[in-house]
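Engineer:
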Amino acid sequence: MPAMAFSSELDRLVAAQAGLVSIDQLLALGVSSRVARRRVDSGAWARVTRGVYDLRPPGGQRLDWDDRRRRSAWAGLLAFGPEAIAVGTTALVLHGVQGIPVGVAPEVALPRASDRTMRDGIRLRQFDDGMTTVQIGGRAVATVERALAQAVPELPRAHALAVLDSALHRRSTDPDGLARAHDLAQGRRGVAATHALWGMADGRAESPLESFGRLDCVDAGVPPDVLQLPVLNADGRVVARGDMGWRLGGGRWLVAEMDGADVHSDPQAVYADRTRQNRLAASGTIELLRFTGRDVPGGVGPAVRAFLGHRGALPA
Numbered sequence: 245m246p247a248m249a250f251s252s253e254l255d256r257l258v259a260a261q262a263g264l265v266s267i268d269q270l271l272a273l274g275v276s277s278r279v280a281r282r283r284v285d286s287g288a289w290a291r292v293t294r295g296v297y298d299l300r301p302p303g304g305q306r307l308d309w310d311d312r313r314r315r316s317a318w319a320g321l322l323a324f325g326p327e328a329i330a331v332g333t334t335a336l337v338l339h340g341v342q343g344i345p346v347g348v349a350p351e352v353a354l355p356r357a358s359d360r361t362m363r364d365g366i367r368l369r370q371f372d373d374g375m376t377t378v379q380i381g382g383r384a385v386a387t388v389e390r391a392l393a394q395a396v397p398e399l400p401r402a403h404a405l406a407v408l409d410s411a412l413h414r415r416s417t418d419p420d421g422l423a424r425a426h427d428l429a430q431g432r433r434g435v436a437a438t439h440a441l442w443g444m445a446d447g448r449a450e451s452p453l454e455s456f457g458r459l460d461c462v463d464a465g466v467p468p469d470v471l472q473l474p475v476l477n478a479d480g481r482v483v484a485r486g487d488m489g490w491r492l493g494g495g496r497w498l499v500a501e502m503d504g505a506d507v508h509s510d511p512q513a514v515y516a517d518r519t520r521q522n523r524l525a526a527s528g529t530i531e532l533l534r535f536t537g538r539d540v541p542g543g544v545g546p547a548v549r550a551f552l553g554h555r556g557a558l559p560a
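The sequence shown begins at 245 in the numbering used here and counts up by one.
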């Protein structure tokens, strides 16, 4: 293969697979195992697991949380070869669904695999009967409905709700698809604790943090009356939307805003967020509470409940 074509194909793989390539892919491009070992020994590459290498320069661009999840997903797929199928949380990551914990182990399935098989933190699972897949990046990935059925029963409650909300928000599925996924999850270990969450899922939640905050309020006995509350100016035009809203009476609302860390990493996002919240406050009909990721779990719901109690607006 000409050097330029080799470089182009390798760059394509690195970009598509979160910086990772397998030894089989390297061999197909004419890179020997000896060369790969030398690159690792020199510090140019890093060995992720047996037969999988990270080709990004050490100390390069810092990975955000989504990048880390994608890297973990691809590590699982590449570690077990071209027959491996992304399932559970790994499949959801590759579908772009948000809300998966950062440290969750990658999950792949192979024929005749045992659920007890682990390698370097990668979980090898058995095929589900009737499992359906789609192609993403040239690899077989469980469908969103099947992946939700596999993942949600095993996730912490807040992350389970965030995943369900995200699947609806991104239109990766619809309410009927969510119902089918819930049916597929029946009989799985842990599903009993998630039944209420399937019915609570709402695609209006725009981020996992909003899902976490909403569940905190539900647990405190003060579920929001409205998600993405439209706020009008004097001309009746929508000037902003509040993440979660509660009626206070007399045309007034309590709005809880969930400020994600990602917002504050981008100056333009900070400006847009501040402008939106200033419009909420300037409407004259809004009482505003602001929260961050540090307030969940356990900080949002009690604060909202205390505010509503002070105003005599607690739900009956």
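Every residue gets a Cβ at the ideal spot worked out from N, C-alpha and C, and that includes glycine.
Owing to the predicted nature of the structure, the values given are computational and were not obtained by experimental measurement.
Could you tell me which of VAL284, ALA425 and ASP503 sits nearest to ARG534, measuring between CA atoms?
Structural biologist: For the purposes of this step, residue 534 is taken as residue 290 along the sequence shown, with counting starting at 1. Residue ASP503 is the option with its Cα nearest to ARG534.
Engineer: I think SER410 touches VAL341, with their Cβ atoms under 8 angstroms apart; what is that distance to the nearest whole Å?
Structural biologist: The residue labelled residue 410 in the question sits at position 166 within the sequence shown. The residue labelled residue 341 in the question sits at position 97 within the sequence shown. Indeed they touch by this definition, with Cβ atoms about 5 angstroms apart.
Engineer: From the DSSP output, read off the bridge partner residues of PHE535.
Structural biologist: Along the sequence shown, one-based indexing puts residue 535 at 291. In the DSSP output, where bridge partners are listed per residue, PHE535 has MET502.
Engineer: Taking only the alpha-carbon atoms, compute the straight-line gap between ALA425 and VAL378 and give it to the nearest angstrom.
Structural biologist: On the sequence shown, residue 425 is found 181 positions in, with the first residue counted as 1. On the sequence shown, residue 378 is found 134 positions in, with the first residue counted as 1. Within the model, the alpha-carbon separation for ALA425 versus VAL378 is close to 16 angstroms.
Engineer: Near ARG383, what residues of its chain come up, given a Cβ to Cβ distance below 7 angstroms and the 5 sequence neighbours on each side ignored?
Structural biologist: Indexing the sequence shown from 1 puts residue 383 at position 139. Listed in chain order, the non-local C-beta contacts of ARG383 below 7 angstroms within the same chain comprise LEU321 and ALA330, local neighbours out to five positions each way being set aside.
Engineer: In this structure, how does DSSP classify GLY545 when only helix, strand and coil are distinguished?
Structural biologist: The residue labelled residue 545 in the question sits at position 301 within the sequence shown. Helix.
Engineer: Are ARG401 and LEU471 close, meaning C-beta to C-beta below 8 angstroms?
Structural biologist: Here residue 401 is taken as the residue at index 157 of the sequence shown, counted from 1. Here residue 471 is taken as the residue at index 227 of the sequence shown, counted from 1. Not in contact: ARG401 and LEU471 (Cβ atoms no closer than 8 angstroms).
Engineer: On a Cα-Cα basis, can you pick out the residue from ARG306, ARG291, ILE344 and LEU299 that is closest to ALA217?
Structural biologist: Here the chain comprises residues numbered 245 to 560, so residue 217 is not present and cannot be evaluated.
Engineer: If distances are taken between C-alpha atoms only, which option among THR438, GLU531 and ASP310 comes closest to GLY495?
Structural biologist: Position 251 of the sequence shown, counted from the start, is the residue given in the question as residue 495. When each option's Cα is compared against that of GLY495, the closest is GLU531.
Engineer: What are the start and end residues of the alpha helix (DSSP H) that includes ASP372?
Structural biologist: Counted from its first residue, the sequence shown places residue 372 at position 128. Where ASP372 is concerned, there is no enclosing alpha helix (DSSP H), given that its DSSP letter is neither H nor E.
Engineer: Hey, how far is the Cα of ASP469 from the Cα of LEU336?
Structural biologist: Mapped onto the sequence shown, residue 469 falls at position 225. Mapped onto the sequence shown, residue 336 falls at position 92. Roughly 29 angstroms between the two C-alpha positions.
Engineer: Taking Cβ positions, are VAL210 and LEU476 nearer each other than 8 angstroms?
Structural biologist: Nothing can be reported for residue 210: it is not among the residues displayed for the chain, which extend from 245 to 560.
Engineer: Any idea which residues DSSP pairs GLY493 with across the strands?
Structural biologist: Along the sequence shown, read from residue 1 onward, the residue named residue 493 stands at position 249. GLY493 is bridged to ARG496.
Engineer: Terminal residues of the continuous alpha helix (DSSP H) containing THR334?
Structural biologist: In the sequence shown, the residue the question calls residue 334 occupies position 90. Unbroken alpha helix (DSSP H) run through THR334: 332 to 338.
Engineer: Where does PRO474 fall in DSSP's three states?
Structural biologist: Start at 1 with the first residue of the sequence shown, and residue 474 comes out as number 230. Note: PRO474 maps to strand in three-state DSSP.
Engineer: Return helix, strand or coil for ARG448, following the three-state DSSP convention.
Structural biologist: Translated into positions along the sequence shown, residue 448 becomes position 204. Looking at ARG448 - three-state DSSP - the assignment turns out to be coil, as it is neither helix nor strand.
Engineer: How big is the Cα-Cα spacing for GLY443 and LEU453?
Structural biologist: Working through the sequence shown from its first residue, we reach residue 443 at position 199. Working through the sequence shown from its first residue, we reach residue 453 at position 209. Rounded to the nearest angstrom, the two C-alpha atoms are 19 angstroms apart.
Engineer: Report all residues from its chain with a CB closer than 7 angstroms to the CB of THR376; omit the five preceding and five following residues, and keep chain order.
Structural biologist: Sequence index remark: in the sequence shown, residue 376 carries index 132 (1-based). Answer for THR376: THR387 and ARG390, listed in chain order.
Engineer: Contact defined as beta carbons within less than 8 angstroms: I believe HIS339 pairs with VAL284. What is the distance between those atoms, to the nearest angstrom?
Structural biologist: Here the question's residue 339 lines up with position 95 in the sequence shown. Here the question's residue 284 lines up with position 40 in the sequence shown. Not quite, the Cβ-Cβ distance comes to about 32 angstroms (not below 8 angstroms), so this is no contact.
Engineer: What three-state label does DSSP hand SER277 in the structure shown?
Structural biologist: Position 33 of the sequence shown, counted from the first residue, corresponds to residue 277. Here SER277 sits in helix by DSSP.
Engineer: Who are the near neighbours of GLY263 in its chain, counting only those whose CB is closer than 7 angstroms to its CB and skipping five residues on each side?
Structural biologist: Here residue 263 refers to the residue found at position 19 of the sequence shown. The answer, listed in chain order, is ASP298, LEU299, ARG300 and ARG315.
Engineer: In whole angstroms, what is the alpha-carbon distance linking SER286 and SER266?
Structural biologist: Taking the first residue of the sequence shown as position 1, residue 286 is located at position 42. Taking the first residue of the sequence shown as position 1, residue 266 is located at position 22. Computed Cα separation, rounded: 18 angstroms.
Engineer: According to the Cβ coordinates, are GLY486 and GLU501 closer than 8 angstroms?
Structural biologist: Stepping through the sequence shown from its first residue, residue 486 is reached at position 242. Stepping through the sequence shown from its first residue, residue 501 is reached at position 257. Yes, the pair counts as a contact, with Cβ atoms nearer than the cut-off.
Engineer: Pull up the distance between the alpha-carbon of ALA547 and that of ALA429, whole angstroms please.
Structural biologist: Indexing the sequence shown from 1 puts residue 547 at position 303. Indexing the sequence shown from 1 puts residue 429 at position 185. The straight-line gap separating the alpha-carbon atoms of ALA547 and ALA429 is approximately 34 angstroms.
Engineer: Is PRO467 closer than 8 angstroms to ARG432 when the C-beta atoms are compared?
Structural biologist: Position 188 of the sequence shown holds residue 432. Position 223 of the sequence shown holds residue 467. Against a cut-off of 8 angstroms, the Cβ pair of PRO467 and ARG432 comes out as no contact.
Engineer: If you reduce the DSSP assignment to three classes, tell me which class VAL385 lands in.
Structural biologist: For the purposes of this step, residue 385 is taken as residue 141 along the sequence shown, with counting starting at 1. VAL385 falls in the strand class under three-state DSSP.
Engineer: In whole angstroms, what separates the C-alpha of ALA393 from that of ALA404?
Structural biologist: Within the sequence shown, residue 393 is the residue found at index 149, counting from 1. Within the sequence shown, residue 404 is the residue found at index 160, counting from 1. Straight-line Cα distance between these residues: approximately 11 angstroms.
Engineer: Where does the unbroken beta strand (DSSP E) through GLN379 begin, and where does it stop?
Structural biologist: By 1-based counting over the sequence shown, the position of residue 379 is 135. Counting along the chain, the unbroken beta strand (DSSP E) around GLN379 starts and ends at 377 to 380.
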